[in-house]
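Residue numbers (the working numbering), protein chains in the order written: chain A, -15 to 488; chain B, -15 to 488.
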């Protein structure tokens, strides 16, 4: 048996005001590679972690520990029918350069560093346009994670993780990548430093990788008459992986030749499960509403995943504005053929509360970071659009102590004025905190955000009802969003890409 | 100068009740490769296409024809700094088989055909599970497109295209793909037949292609202790391209080893533009609300793109039900640590109106096709989930004659009982029609859909406000949705994939 205690991000019990409290639970480890899927339910304890003393024990139920298959490590390979080797081939080497920390690929220029708390941080992201390096982002990274579970039982009511802010100490947010699995063999690799529990620096290899990918998609194409014109695309992937206990997150920044950056999160690893006496679902779909069985006696508890991305745009300079381009239905009168259209109505957000946003299909709008002082050749302000992806926002009560800490998940998008103290969406010191810091607190001031240095905060989220296919390890599921130039270039910037070497 | 007349999908003028009416406009073609961006505004005409007679001419304004750059064909290649060749390499050949029309790849089995009207049609899509071929889809394809423009002026008020149903005759919906650009050189290619205007069959080469893609992403992975376990992923792409005049759409079915199918649309080609006297946007963001300048005197008109996908699920048999698994907030009382959770509440749709759906962040739910008679090992009904992507729905008035024809775009998802006459979301004969056929009409009957052969209709859509970067040809923009197994397999079906050949 193995027991461990974790802090929680929020003020869950009054003792936290004066004590460093750990919340403990146990699992059976005997005879298994690892303890996922072997929880001992109902048995919990609290620890004063400074005094190293157990202060209370609670034993509320007796549930046999499951014995279901949990192995994913040495599963024999079963070759798929007709499967043949496939690999990406770059006979002249990689198409990017890394010189003194400057990364260049196609027209992109950027720097990156590995931060112990939030992982890969991009800096000074620029794109060369007619010989001139133009600024897009000053800085961009993950800012925080929030993973609340949806079970109020003993041992589960405290499971709501602020994964970056709570768990980086001692081990770092990122964990090593594996060549040939996480990144192709020819990738460039980046080491990084973390701080160990006793304060010493530790160098860890392969915390990020950089590689080109043949997308096999055209960057653009058009059939005119009987001839197809176009140029093939490719992309540059900067990847890292965070493993926080059971879950693994692949964290990608994907640079496209046309000025788009796709930001993607791949969730894999082991889901968090609860031992149960249930061996099969009820016939009538009734039964526990807090999750799904994923194996006999192994219950996958409902939960959410939220990632806050901090995007410090500097579109052609630091002073930017956030603009909504709203699509507004309009009635058409006296037209024999049409009764309605929609029109685009730009709206520049003056203050923070103007820019707290969620996608709504019935009220569409485009979200843009623009520079009011720099006009493109057609006199539109140069801009970068933030293109939301499929996502989720939290539906917990705003007064739930868990939700108060993870309050950035209440909305999909926020904008703040730049403030060097505001780097972490759930606050700088979330552990055991009283939710007096973070995005939802800062924006209450409703500060001015027009024509100044501003920061966008995008929440990428998904609700997770588990399934048998997620056990004993979960197939990678990707979610993404993107940013792309909008009246930033004077025309399609990939018109002049090299042609394909075949088929010409 | 070149003039041409097109029918319109809807009943725009009374003459259509008795005449075959074409709506005509003109563009300057002298000295250009093609006429996109050279429209002669204000000059329109109607034609009785049976009598071959112009019945009316309207000339409402005089706008100089733009002379802006419109060339994308012979743009010189400008090599990107450090760019090196990149290609996918399969020394032992492709990892799929095509035998007598049966396509097999990994555990997938399916058939496909090329239909003149809707392009690639998948049939009998099955996945092999422990030696047994299990049904997922009976049939799946695009069903219809709807592309309404948002300008009520003369020559634009009739632009609302039902691209599949109106424009396949004579040329077919799909157009040839180009090796090395649209698909890698080693792809398998499929020819297809269309019917020419005089009724003869015509064989066209390369209307679809099939290829494997090295995703460079792990199918799953987990770091346990200091070791990373996992298996690399790859995918099979079945691709076609529809060019309907100016726009090109890449249409992908992407098969994943884990039972997921991703459905993706890449929009590229030339945007439809209007000539204008405007050479620059107004300083104060005011100005035409119906679009954006994309070059001097070239105005990109606001529009929408909607694709209706017809998905005839047969999950382990024909009799399926559509189930929502709703995530419902619940208050938690008397818990010191939590005040709220959400629970999952399954709801089986009894009738069509129960299954007309749009994503809402504040009312999340999972959308599933399940077989109530076939239980998985944990006694859940076997199911496939439909996972929506970022999308749009129409915000035009329901009574707009254009919207009445494209009414499938009012919602993101619909479910109908199988009916062999119901194949096209805007009706079988949309041209000049009075909107008395199609998804919105059929579902008014509110037929029973539980435990019977049912069909799902997914609307993939996006609003399009154009930008300078979309001219003279638009960088490819992708949108997608996916289907994936849910309690269909008894565990993660890709645990036993082959390992990487490197890094072990």
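For every residue, glycine included, the Cβ atom is placed at its ideal position computed from N, Cα and C. All figures in this text were calculated on a predicted structure; none of them were measured in a lab.
Residue-chain proximity (residue i, chain A), Cβ-Cβ < 8 Å
i: residue -9 (chain B); result: no
i: residue 3 (chain B); result: no
i: residue 214 (chain B); result: yes
i: residue 30 (chain B); result: no
i: residue 78 (chain B); result: yes
i: residue 489 (chain B); result: Nothing in the structure corresponds to residue 489 (chain B), since chain B is present only between -15 and 488.
i: residue 477 (chain B); result: yes
i: residue 304 (chain B); result: no
i: residue 438 (chain B); result: no
i: residue 25 (chain B); result: no
As assigned by DSSP and simplified to three states, the class of residue i
i: residue 146 (chain A); result: coil
i: residue 246 (chain A); result: strand
i: residue 389 (chain A); result: helix
i: residue 151 (chain B); result: helix
i: residue 276 (chain A); result: strand
i: residue 481 (chain B); result: coil
i: residue 489 (chain A); result: This structure does not reach residue 489 (chain A), given that chain A is present from -15 up to 488, and the question cannot be answered.
i: residue 427 (chain A); result: helix
i: residue 488 (chain B); result: Reliability of the predicted coordinates at residue 488 (chain B) is poor, the pLDDT of 47 falling under 50, and no value is obtained from them.
i: residue 554 (chain B); result: Residue 554 (chain B) lies beyond the residue range present for chain B, which begins at -15 and ends at 488; the question has no answer from this structure.
i: residue 452 (chain A); result: helix
i: residue -2 (chain B); result: helix
i: residue 123 (chain A); result: strand
i: residue 394 (chain A); result: helix
i: residue 409 (chain B); result: coil
i: residue 107 (chain B); result: strand
i: residue 296 (chain A); result: strand
Cβ neighbours of residue i in the same chain (closer than 6 Å, five flanking residues each side left out)
i: residue 250 (chain B); result: 234, 460 and 462
i: residue 197 (chain A); result: 219 and 221
i: residue -4 (chain A); result: 142
i: residue 308 (chain B); result: 331 and 349
i: residue -6 (chain A); result: 385, 386 and 389
i: residue 351 (chain B); result: 370
i: residue 39 (chain A); result: 30 and 32
i: residue 408 (chain B); result: 127, 128 and 149
Whole-number beta carbon distance between residue j and residue i, since they are thought to touch under 8 Å
i: residue 28 (chain B); j: residue 11 (chain B); result: So it is not a contact: roughly 12 Å between Cβ atoms.
i: residue 441 (chain B); j: residue 470 (chain B); result: Actually they do not touch by this definition, with Cβ atoms about 20 Å apart.
i: residue 314 (chain A); j: residue 18 (chain B); result: Not quite, the Cβ-Cβ distance comes to about 32 Å (not below 8 Å), so this is no contact.
i: residue 433 (chain A); j: residue 333 (chain A); result: 6 Å
i: residue 206 (chain B); j: residue 253 (chain A); result: 5 Å
CB contact below 8 Å: residue i versus chain B
i: residue 67 (chain A); result: yes
i: residue 101 (chain A); result: no
i: residue 164 (chain A); result: yes
i: residue 177 (chain A); result: no
i: residue 345 (chain A); result: yes
i: residue 84 (chain A); result: no
i: residue 364 (chain A); result: yes
i: residue 233 (chain A); result: no
i: residue 120 (chain A); result: no
Closer than 7 Å: residue i CB and nearest the ligand HEM heavy atom
i: residue 51 (chain A); result: Within the structure as shown, the ligand HEM is missing, as the structure has no ligands at all.
Sequence-distant residues of its chain with Cβ nearer than 7 Å to residue i (five each side left out)
i: residue 152 (chain B); result: 100 and 101
i: residue 430 (chain B); result: 335, 336 and 337
i: residue 35 (chain A); result: none
i: residue 98 (chain A); result: 104, 158, 174, 176, 191 and 192
i: residue 426 (chain A); result: 400 and 406
Cutoff 8 Å; reference residue i; Cβ partners in own chain excluding five residues on either side
i: residue 359 (chain B); result: 365 and 366
i: residue 411 (chain B); result: 149, 389, 417, 419, 420, 421, 422 and 425
i: residue 457 (chain A); result: 56, 252, 253 and 254
*Please name the residues in the segment 248 to 260 of chain A whose beta-carbon is closer than 7 Å to at least one beta-carbon of chain D, in chain order.*
Going by chain labels, chain D is absent from the structure shown, which instead holds the protein chains A and B.
*At 3 residues or longer, and completely inside the segment 300 to 343 of chain A: list those beta strand (DSSP E) runs for me, N to C.*
303 to 315 and 324 to 332
_Ordered list of beta strand (DSSP E) runs contained in the segment 29 to 86 of chain A, each at least 3 residues_ = With a minimum length of 3 residues, the continuous beta strand (DSSP E) runs that stay inside the segment 29 to 86 of chain A are 37 to 43, 71 to 73 and 80 to 83.
_Those runs of the alpha helix (DSSP H) which lie wholly inside the segment 188 to 270 of chain B and span at least 4 residues_ = none
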